[in-house]
Amino acid sequence: MSELARMLIDAGRWIDQQGWCPATGGNFSIRNDEHSALVTASGRHKGALTEQDFLLVDMDGNAIDSSLKPSAETLLHTALYTLDPQIGAVLHTHSVTATVLSRVISGDAVNLSGFEMQKSLAGNTTHDDLIKIYAFDNTQDMQALATSVNDVWAQNPLQWGLLVKGHGLYAWGKDINEARRHLEGLEFLFACQLELIRLGKIDG
Ligand SMILES: CSCCC(=O)C(=O)COP(=O)(O)O
Ligand SMILES: [Zn+2]
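So for the sequence shown, UniProt numbering puts the first residue at 1; every next one is plus one.
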């Protein structure tokens with residue numbers, strides 16, 4: 001089995017145990033080289049992935065030497081790899097927490113501050129900083145969504161992850177381990193934020 005596939009299979013089992021990819025929700029990818037990434041095929045359960053559930057795609061989202069259908073959201077993965085050559089893995093999940101939080105915020109971002117766990121996100125050394133996780137409107141037009149991400153990124157490069165409203169979270173990192181840490185850290189931070197909103201301590 002290829003090492004890249006094994007890393008995504010392991011990530012899928014763990015993510016499934018957390019309940020962050022119910023049904024066939026979510027999709028994963030890992031950079032293969034400058035021009036290609038290994039991505040999950042569409043419609044697969046992420047807790048039971050096998051090596052047959054992956055294919056290589058180019059950075060325009062086209063399958064390379066495979067008849068498998070790439071994930072419906074491949075274009076967002078490849079947009080991220082193109083925007084930041086340091087990104088080595090992207091994990092997209094559908095947790096209840098991320099989905100609900102993305103729908104109760106009034107603006108275009110989740111603003112996190114005051115949490116020690118912000119230090120789980122690369123480059124952060126204090127709870128005092130303000131961390132903005134941008135939330136995009138959902139659409140079935142992945143080219144349009146990728147263009148929106150490109151437009152926001154041109155003003156202010158995103159870090160660690162992004163939300164799609166009513167849909168889920170994309171978390172990334174320089175490699176699969178960092179992507180997993182960012183996913184877990186963001187999930188924890190989102191759960192805290194949602195609880196504070198429920199308690200009426202902060203606005204959505
Ligand atoms: C039931 S999940 C709806 C599609 C989606 O949002 C997703 O993450 C999975 O799509 P894929 O094509 O990668 O299976
Ligand atoms: Zn999705």
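Heads up, the beta-carbon is just placed ideally off N, CA and C, and yes, glycines get one too. The structure presented is a predicted model; accordingly, all values stated were derived computationally and were not measured.
C-alpha distance - residue i paired with residue j, whole-angstrom precision
{"i": "T40", "j": "I197", "result": "34 Å"}
{"i": "R31", "j": "A5", "result": "11 Å"}
{"i": "D84", "j": "A179", "result": "14 Å"}
{"i": "T147", "j": "Q52", "result": "30 Å"}
{"i": "E184", "j": "I15", "result": "9 Å"}
{"i": "L169", "j": "L158", "result": "13 Å"}
{"i": "A154", "j": "S120", "result": "25 Å"}
{"i": "G173", "j": "R181", "result": "8 Å"}
{"i": "L186", "j": "S42", "result": "25 Å"}
{"i": "L75", "j": "N62", "result": "9 Å"}
{"i": "S36", "j": "D151", "result": "23 Å"}
{"i": "T125", "j": "E195", "result": "24 Å"}
Three-way DSSP call (helix, strand, coil) for residue i in this model
{"i": "S102", "result": "helix"}
{"i": "N177", "result": "helix"}
{"i": "H77", "result": "helix"}
{"i": "W160", "result": "coil"}
{"i": "G166", "result": "coil"}
{"i": "D53", "result": "helix"}
{"i": "R44", "result": "coil"}
{"i": "S148", "result": "helix"}
{"i": "H94", "result": "coil"}
Best match in the options for proximity to residue i [C-alpha to C-alpha]
{"i": "H127", "options": "S29, L189 and D10", "result": "L189"}
{"i": "D108", "options": "G25, D65 and L163", "result": "L163"}
{"i": "R44", "options": "I64, C21, D33 and D60", "result": "C21"}
{"i": "K69", "options": "N156, L38, Q118 and G200", "result": "L38"}
### Query
Would the segment 98–114 and the segment 132–148 be scored as touching if the rule is three or more Cβ pairs under 8 Å?
The segment 98–114 is in contact with the segment 132–148.
### Query
Per the contact definition of three or more C-beta pairs closer than 8 Å, is the segment 16–29 in contact with the segment 88–97?
Yes, since at least three Cβ pairs between the segment 88–97 and the segment 16–29 fall closer than 8 Å, the two stretches touch.
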